[in-house]
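Participant: Once you've had a glance at the structure underneath, I'll fire off some questions.
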Amino acid sequence: MGKGRGTANFLPFNRKDIFFYQADDEHFIPRALLFDLEPRVINSIQTSEYKNLYNPENMFISKEGGGAGNNWGCGYSQGHKVEEEIIDMIDREVDNSDNLEGFILSHSIAGGTGSGMGSYLLELLNDNYSKKIIQTFSVFPLLTNESSDVVVQPYNSILTLKRLILSTDSVVVIDNTSLNRIFVDKLKLNNPTFQQTNNIISNVMSACTTTLRYPGSMNNDMISLISSLIINPKCHFLLTSYTPITIDKHISNVQKTTVLDVMKRLLHTKNIMVSVPVRRGMYISILNIIRGEIDPTQVHKGLQRIRDRKLVNFIKWNPASIQVTLAKQSPHIVSTHKVCGLMMANHTSISTLFERCVTQFDRLFKRRAFLDNYKKEPMFSSADGQGNFEEMELSKEITQNLIDEYKSAERDDYFNHAYL
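Shown next as structure tokens:
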């Protein structure tokens, strides 16, 4: 994310230049790079209504075109092979920015490309732009007893988690398990389409960047946004809650949205987009971004009501407060609700998500199941043909350390203990 060379069209309250730049013909182009190891998705964009939106030079498709076969090692090694081409693309966008603040990566951690190539990209960004912020929106797979389309997702997830822990400043967790529950329980849809799922995810991503695009008095840049939520750099995984959730603009709304109603609903477990036991853990920090027709006095009343009813359980070693930022509604979108809200929170119960990843990893790794394709990749190959899986074991250890860190954060003396 960078601030580009602005024009008179960029009004102070609408910073288009954060995520877009203007071409010579004055149409807006996203500051976005798209990477894939197989052509299907990017080709579909190039033949869709968005074909003229993106810069063609910013689309990368592997010349091999075969994808990563749901293999983290394959995605990682293919990223290494095309490192020079990737760096050239990134540098070109960086040079087109006046004031680069950081990068935002959107990816999945379960398959081969999003996990493997995504991991390589994170390490590459961290090495080449170590002073810039790296934030991700990371899609976690279904972590239930149901069978998955990707049987090796536990390996891919653990290997990616190591990079998310060591090479990023902030990770916004998007949890497919929780999204499925929201569709079934709240929207009464048992089989949502990819488009419907992506619609909810994109709404959350858009809300997370609202204060950057429509700045107010607080959280106008990535640094202030992240620093308000991440007190200890080790604990930088964030969960979100969003309300109201709708996927069909033509359905009549029976809900009357008020600031108080939205602030209370953001704390409901049914609206939280990560499947963790929030009531058992503790909040480290909370930031609410409220948009729409807002009376600031109602915000104060809402916070007071939440305090009086003790709806939030905060850790004891940091001042307990819900930060609230009021944001402008986009003038280009007709909202079906008067008020909507996003909660970004740092919560200790997110460790249970990582525990499930470790449990699923152990279940496969103890049997050495499905490792043959990994042995073919440089990182996991060995002279005796048995494979070298130290990287997997190290990734699990680093993930376990993160779990322990979040559990320790619930202790009253954690702050003193963490910085000894």
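First residue of the sequence shown? That's 1 in UniProt numbering, and the numbers climb one at a time after it.
Ideal placement from N, C-alpha and C gives every residue a C-beta, glycine not left out.
Using only CA atoms, which one of Thr-359, Leu-260, Thr-240 lies nearest to Glu-293?
Facilitator: Nearest C-alpha to Glu-293: Leu-260.
Participant: With H, G and I counted as helix, E and B as strand and the rest as coil, what does DSSP make of Gly-302?
Facilitator: Correct three-state label for Gly-302: helix.
Participant: Go through its chain and collect everything with a Cβ distance to Ser-167's Cβ below 6 Å, but skip five positions before and after it.
Facilitator: Within the same chain, Ser-167 has close Cβ partners Leu-122, Glu-123, Asn-126.
Participant: Short of 7 Å in beta carbon distance, which residues of its chain neighbour Gly-102, apart from the five on each side in sequence? Order them along the chain.
Facilitator: Excluding residues within five positions, the ones whose Cβ falls inside 7 Å are Met-1, Lys-132, Ile-133, Ile-134, Gln-135, Met-222.
Participant: Below 8 Å, how does it come out for the segment 70-85 and the segment 148-164: are there three or more Cβ pairs, yes or no?
Facilitator: The segment 70-85, when compared against the segment 148-164, does touch it at the 8 Å Cβ threshold.
Participant: Look up Met-343 in the DSSP assignment and say whether it is helix, strand or coil.
Facilitator: Three-state DSSP puts Met-343 in a strand.
Participant: Taking the alpha-carbon positions, what's the Val-172 to Ile-109 distance?
Facilitator: Cα-Cα distance, rounded: 12 Å.
Participant: Please give the ranges of any beta strand (DSSP E) in the segment 61-134, keeping only runs that are unbroken, at least 3 residues long and fully inside the region.
Facilitator: Counting whole runs of 3 or more residues, the segment 61-134 contains the beta strand (DSSP E) stretches 102-108.
Participant: In three-state DSSP terms, what is Ser-382?
Facilitator: Here Ser-382 sits in coil by DSSP.
Participant: Pairing CB atoms from the segment 322-331 with CB atoms from the segment 213-221, are three or more of them under 8 Å?
Facilitator: The segment 322-331 vs the segment 213-221: in contact.
Participant: Could you tell me the boundaries of the alpha helix (DSSP H) in which Phe-194 lies?
Facilitator: Where Phe-194 is concerned, the enclosing alpha helix (DSSP H) stretches over 194-208.
Participant: In angstroms with no decimal places, state the Cα-to-Cα distance between Ala-68 and Thr-160.
Facilitator: So the two alpha carbons sit approximately 14 Å from each other.
Participant: Note down, one range per segment and in chain order, each beta strand (DSSP E) of at least 3 residues found wholly within the segment 145-182.
Facilitator: The segment 145-182 contains these whole beta strand (DSSP E) runs: 170-175.
Participant: To the nearest angstrom, report how far apart Ile-289 and Ile-333 are at their CA atoms.
Facilitator: Cα to Cα, Ile-289 sits roughly 17 Å from Ile-333.
Participant: Give me whichever residues DSSP pairs with Tyr-283 in a beta bridge.
Facilitator: Bridge partners of Tyr-283: Phe-314, His-347.
Participant: Label Leu-287 either buried or exposed according to how many other C-beta atoms from any shown protein chain fall within 10 Å of its C-beta, with 16 as the threshold for buried.
Facilitator: The residue in question, Leu-287, is buried, as its Cβ has 16 or more Cβ neighbours within 10 Å.
Participant: Is the beta carbon of Leu-353 sitting closer than 7 Å to the one on Val-278?
Facilitator: Not in contact: Leu-353 and Val-278 (Cβ atoms no closer than 7 Å).
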